[in-house]
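From first to last, the protein sequence lines are chains A and B. Add 275 to a position in the first sequence, counting from 1, and you land on the number used in the working numbering. Add 2 to a position in the second sequence, counting from 1, and you land on the number used in the working numbering. Written below as structure tokens is the structure these notes are about.
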Amino acid sequence: EAEVAQSPRYKITEKSQAVAFWCDPISGHATLYWYRQILGQGPELLVQFQDESVVDDSQLPKDRFSAERLKGVDSTLKIQPAELGDSAMYLCASSLRTGGSDTQYFGPGTRLTVL
Amino acid sequence: AQSVTQPDIHITVSEGASLELRCNYSYGATPYLFWYVQSPGQGLQLLLKYFSGDTLVQGIKGFEAEFKRSQSSFNLRKPSVHWSDAAEYFCAVGAVSNDYKLSFGAGTTVTVRA
Chain A
276 EAEVAQSPRY KITEKSQAVA FWCDPISGHA TLYWYRQILG QGPELLVQFQ DESVVDDSQL
336 PKDRFSAERL KGVDSTLKIQ PAELGDSAMY LCASSLRTGG SDTQYFGPGT RLTVL
Chain B
3 AQSVTQPDIH ITVSEGASLE LRCNYSYGAT PYLFWYVQSP GQGLQLLLKY FSGDTLVQGI
63 KGFEAEFKRS QSSFNLRKPS VHWSDAAEYF CAVGAVSNDY KLSFGAGTTV TVRA
């Protein structure tokens, strides 16, 4: 069964450092999502791609976060500089298309700890 | 404002007992409804979803959920819980008014005691 891949699974960094997370969606999935999940809360959407284009980044803190999906396949989420409040699980998900009826499939996530 | 509410933060249930997790939403039109499960340190796995049609939906792992429009609810049930069902459960909602972006509830943690 195809899965969404993410790396690294765990990342510990010091504040003010740069971190990057990678996501490889299920093959053929045009839509890719990055979510942030703070401990004890549900995931919150950071950015959504349709192929290589950003569809929604309204909740992405653009002063420090950036995301790209250059060839419309895999994607990278970067934080620079990291702050203590960025400690969270970062989840990537993909779906065939954008739309309410398309199921989003989630990867295992990257657990970020900022010291 | 649109919202998804899971009233129970934590539920403890005995193995073999039944389980019901509550989910309420506030959206104008009938939304698309999902239940996901997350084991510790893992990503989210889809249990079931409702788009239209029969309001009782069957999912994986023996779970089912019922959409009740009059109550704006989509509660998840399982007749007999197994120890492996211990996890966190999230209700999620997508609506045309929000371009079908998923909004998640805060989650319910289920503990299963022997």
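The beta carbon of each residue, even a glycine, is placed where N, CA and C say it ideally should be.
- For alanine 108 (chain B), the chain A residues whose C-beta falls within less than 9 Å of its own C-beta are Gly315, Gln316, Gly317, listed in chain order.
- Of all residues in the region 318-338 of chain A, those with a C-beta nearer than 8 Å to a C-beta of chain B are Pro318, Glu319, Leu320, Gln323, Asp331, reading in chain order.
- With a threshold of 16 other beta carbon atoms within 10 Å, leucine 58 (chain B) falls short and is exposed.
- Taking the CA atoms as reference points, valine 294 (chain A) sits about 44 Å from arginine 71 (chain B).
- Within chain B, the residues whose beta carbon sits less than 7 Å from that of proline 383 (chain A) are Gln44, Gly45, listed in sequence order.
- At least one C-beta of chain A is nearer than 8 Å to the C-beta of leucine 48 (chain B).
- In this structure, the straight-line span from the alpha carbon of threonine 113 (chain B) to that of valine 15 (chain B) is close to 6 Å.
- For arginine 24 (chain B), the secondary structure class from DSSP, reduced to helix, strand or coil, is coil.
- Judged by their CB atoms, alanine 363 (chain A) and tyrosine 308 (chain A) are not nearer to each other than the 8 Å cut-off.
- Glutamine 281 (chain A) is bridged by DSSP to A:Cys298.
- Contact annotation: in the region 48-82 of chain B, residues whose CB is within less than 7 Å of a CB in chain A are Leu48, Lys51, Phe53.
- Any Cβ of chain B closer than 8 Å to the Cβ of arginine 311 (chain A) would place that residue at the interface, and such an atom is absent.
- In the DSSP assignment, valine 114 (chain B) falls within the beta strand (DSSP E) that extends over 110-115.
- Check the Cα spacing between glutamine 379 (chain A) and each of B:Leu50, B:Thr7, B:Val6, B:Ser28: the tightest is with B:Leu50.
- Cβ neighbours of tyrosine 34 (chain B) within its own chain (closer than 6 Å, five residues either side excluded): Phe53, Gly96.
- Here valine 39 (chain B) is bridged, per DSSP, to B:Gln47, B:Tyr91.
- The C-alpha of proline 300 (chain A) is placed about 6 Å away from the C-alpha of aspartate 349 (chain A).
- Annotation: phenylalanine 36 (chain B) to leucine 359 (chain A) spans about 32 Å, alpha carbon to alpha carbon.
- With a contact defined as Cβ atoms closer than 8 Å, proline 283 (chain A) and threonine 388 (chain A) miss out at about 12 Å.
- For the region 358-371 of chain A, the set of residues with a beta-carbon nearer than 9 Å to any beta-carbon of chain B comprises Met364, Leu366, Cys367, Ala368, in chain order.
- DSSP places lysine 70 (chain B) in the strand class (E or B) of the three-state scheme.
- Taking a 10 Å sphere around the C-beta of alanine 277 (chain A), we find fewer than 16 other C-beta atoms and assign the residue as exposed.
- Taking the beta carbon of arginine 386 (chain A) as reference, the chain B residues within 8 Å of it are Gly43, listed in sequence order.
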